[in-house]
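The structure appears right after this line, and notes come after that.
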Amino acid sequence: MSFFLCNSLLELIIGVFMEKEISETYYFDPTVFNKNGKSNHDGISFRMLIKEFERDFHGRHTTKYALNLYGNSQVMNLLASSCGAAPFLIYGMELTQGKSFDAEKDPYVNHEMGTYSRNIYVYGIDSAYMTEFDENGYPIIDDENDIYPLTLLIDSSMRDGVLRLAAPTIDDDDEETEEEVIIDVPKYEHA
Numbered sequence: 287m288s289f290f291l292c293n294s295l296l297e298l299i300i301g302v303f304m305e306k307e308i309s310e311t312y313y314f315d316p317t318v319f320n321k322n323g324k325s326n327h328d329g330i331s332f333r334m335l336i337k338e339f340e341r342d343f344h345g346r347h348t349t350k351y352a353l354n355l356y357g358n359s360q361v362m363n364l365l366a367s368s369c370g371a372a373p374f375l376i377y378g379m380e381l382t383q384g385k386s387f388d389a390e391k392d393p394y395v396n397h398e399m400g401t402y403s404r405n406i407y408v409y410g411i412d413s414a415y416m417t418e419f420d421e422n423g424y425p426i427i428d429d430e431n432d433i434y435p436l437t438l439l440i441d442s443s444m445r446d447g448v449l450r451l452a453a454p455t456i457d458d459d460d461e462e463t464e465e466e467v468i469i470d471v472p473k474y475e476h477a
């Protein structure tokens, strides 16, 4: 599995906070997955189930691909297990719904957390539609078709067994007021 963070992904993350989204909510039974993130019933990994959800999302919204995956920390832990992630990799960017910081006013806060942590934060995984890879095995972003990595967002208000896939929409009225925030951070690949 590919674990990566890139500047264009961060631009999308920050942009999403300022845009409306179309979304679909998906339900699953977390108790059927073992400690490796595989279903006890059919052996399918939780990561593969998410890819099925991504295909369903695109089927419902044929002009959009899911760019954001929302779930609570248990959902992110299950995803990490199903990807075979090392224990020091923490999946997801924390959303606090304004309780301790405002992501629009302080977009660097998650990166500051990473600076002082022994862990590495994984903010994105390859999309089900990222099917081409470079010579190093990294998935290739398809800007032309708007196929980007799935941004992992932790929403503590969501319950176990629920995740939401979303894609930002741009209103013509908001286009003039849209502000792009660029965060210059190092690129992490295959931790």
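Position 75, counted from 1, in the sequence shown is what our numbering calls 361; the numbers after and before it change by one each time, with no gaps. Ideal placement from N, C-alpha and C gives every residue a C-beta, glycine not left out.
Less than 9 Å between the beta carbons of residue i and residue j, yes or no?
| i | j | result |
| --- | --- | --- |
| Ile330 | Ala453 | no |
| Tyr351 | Phe339 | no |
| Met416 | Ser368 | no |
| Gly370 | Asn326 | no |
Since residue i contacts residue j with CB under 8 Å, what's their CB separation in whole angstroms?
| i | j | result |
| --- | --- | --- |
| Leu365 | Phe319 | Rounded, the Cβ-Cβ distance is 10 Å, inconsistent with contact. |
| Asp441 | Gly357 | 7 Å |
| Thr311 | Arg450 | 5 Å |
| Leu438 | Met362 | 6 Å |
| Met377 | Val408 | Note on identity: in this sequence residue 377 is Tyr, with Met being the wrong assignment. Indeed they touch by this definition, with Cβ atoms about 5 Å apart. |
| Glu418 | Ile406 | 26 Å between Cβ atoms; not a contact. |
| Asp328 | Gly447 | Their Cβ separation, rounded to whole angstroms, is 17 Å, which puts Asp328 and Gly447 out of contact at 8 Å. |
| Arg346 | Ala414 | About 14 Å separates the two Cβ atoms, so there is no contact after all. |
| Leu355 | Ile336 | 7 Å |
| Lys306 | Thr401 | No, Lys306 and Thr401 are not in contact; Cβ-Cβ is about 32 Å, not under 8 Å. |
Got a sec, what are the start and stop residues for the beta strand (DSSP E) residue i sits in?
| i | result |
| --- | --- |
| Leu355 | Asn354 to Gly357 |
| Tyr407 | Ile406 to Val408 |
| Ala453 | Val448 to Thr455 |
| Glu430 | Looking at the DSSP string, Glu430 is not in any beta strand (DSSP E), and its letter there is neither H nor E. |
| Glu380 | Met379 to Leu381 |
Using three-state DSSP, classify residue i as helix, strand or coil.
| i | result |
| --- | --- |
| Phe303 | Only weak support is given to the placement of Phe303: the predicted model assigns it a pLDDT of 47, under 50, and the value that follows is read from those uncertain coordinates. In this structure, Phe303 counts as coil in the three-state DSSP scheme. |
| Thr317 | helix |
| Ala371 | coil |
| Thr311 | strand |
| Met362 | helix |
| Thr437 | strand |
| Glu398 | helix |
| Lys350 | coil |
| Ser325 | strand |
| Ile411 | strand |
| Ile376 | strand |
Locate the alpha helix (DSSP H) running through residue i, then write down its first and last residues.
| i | result |
| --- | --- |
| Glu340 | Phe332 to Arg346 |
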